[in-house]
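S.K.:
Below is the structure:
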C-alpha cells in the first residue's frame, strides 16, 4: 500500500529480497538498499504480479544492516516517490526517512536478545525451591509474637487466622419463630 500526501509518503509492504549494504560515491557513503513488495495485481493471464518499490536507506544504514530479512513486514516513510522508465517498465523508488518493523520482526529481535541471556546456574542440592541459602535469617524466618494486638477487647488474632473454625449459630427452622400459644393473637 502506498499513501502519498503533500507532506510525505508512507509505504506498507514486505521485504522482497534481503537488503544489501553498499558504499557509494567519492566518500563511500553507506546506503542500505532493499526492495519492498507493496501490492499485487492480476495480469492478462490471471497471474498475480507483485508491485515493487526500491528503497534507499541512508541514515543509520550500517546499524540497520542485518536487521531485516526477506518477507519481513515493514512500513517505510519518505518525502517523495520517484519513478523512471526503463525497457518499457516503470520503476519506483524512495529515499527513506524512516523504516519501521512489523510485529513479527520485533518478536524475532526480542527472541534474539533472549537467546543471548546466559542460562541460570543450577540450584544447589539443599535448595529445592531454587533460592540460594544465605548466612543470615530472613525477616520472615523468625517467629514474632503478635499477642496483645487484639482488634477489640476480648477478641484474639487467632479468631481471624485461616483455618480457624468460626462458631456458627445453631440452625433454626422458620417455624421456630412462630408462637402458637401466645395470648395476644387477635384471632
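Numbering (this note's numbering), first residue to last: 169 to 355. For glycine and all other residues, C-beta sits at the position ideal for the given N, C-alpha and C.
(1) So, at 8 Å on beta carbons, what are the nonlocal neighbours of residue 216 in its own chain, with the 5 sequence-adjacent residues on each side left out?
(2) In this structure, does DSSP put residue 284 in helix, strand or coil?
(3) Are there 16 or more other CB atoms within 10 angstroms of the CB of residue 286, so buried, or fewer, so exposed?
(4) From residue 191 to residue 229, what does the alpha carbon distance come to, in whole angstroms?
(5) Do residue 274 and residue 183 have their C-beta atoms closer together than 8 Å?
(6) Would a C-beta distance cut-off of 8 Å place residue 221 and residue 262 closer than the cut-off?
(7) Count the other CB atoms within 10 Å of the CB of residue 278; is the residue buried (16 or more) or exposed (fewer)?
(8) Going by beta-carbon coordinates alone, are residue 224 and residue 201 separated by less than 8 Å?
(9) Would you mind giving the Cβ-Cβ distance between residue 356 and residue 246, rounded to the nearest angstrom? I have them listed as a contact below 8 Å.
(10) What's the C-alpha gap between residue 176 and residue 284?
(11) Using only alpha-carbon positions, find the residue among 173, 226, 219 that is nearest to residue 193.
(12) What ranges does the alpha helix (DSSP H) occupy inside the segment 213 to 265, keeping only unbroken runs of at least 4 residues that lie completely in it?
M.R.: For this structure:
(1) Here residue 216 corresponds to residue number 48 of the chain shown, with the count starting at 1. Result list for residue 216: 208, 209, 210, in chain order.
(2) Here residue 284 is taken as the residue at index 116 of the chain shown, counted from 1. Residue 284: helix per DSSP, three-state reduction.
(3) Within the chain shown, numbered from 1, the residue matching residue 286 stands at position 118. Under this definition residue 286 is an exposed residue.
(4) Here residue 191 is taken as the residue at index 23 of the chain shown, counted from 1. Here residue 229 is taken as the residue at index 61 of the chain shown, counted from 1. Rounded to the nearest angstrom, the two C-alpha atoms are 10 Å apart.
(5) Looking up residue 274 in the chain shown gives position 106. Looking up residue 183 in the chain shown gives position 15. Against a cut-off of 8 Å, the Cβ pair of residue 183 and residue 274 comes out as no contact.
(6) Stepping through the chain shown from its first residue, residue 221 is reached at position 53. Stepping through the chain shown from its first residue, residue 262 is reached at position 94. A contact, by the Cβ cut-off of 8 Å.
(7) Here residue 278 refers to the residue found at position 110 of the chain shown. When all chains shown are included, residue 278 counts as exposed.
(8) In the chain shown, residue 224 corresponds to position 56, counting from 1. In the chain shown, residue 201 corresponds to position 33, counting from 1. In contact: residue 224 and residue 201 (Cβ atoms closer than 8 Å).
(9) For residue 356 there is no data in the structure shown, the boundaries of the chain being 169 and 355.
(10) Here the question's residue 176 lines up with position 8 in the chain shown. Here the question's residue 284 lines up with position 116 in the chain shown. In a straight line, the C-alpha of residue 176 is about 38 Å away from that of residue 284.
(11) Against the chain shown, residue 193 aligns to sequence position 25. It is 226.
(12) 229 to 232
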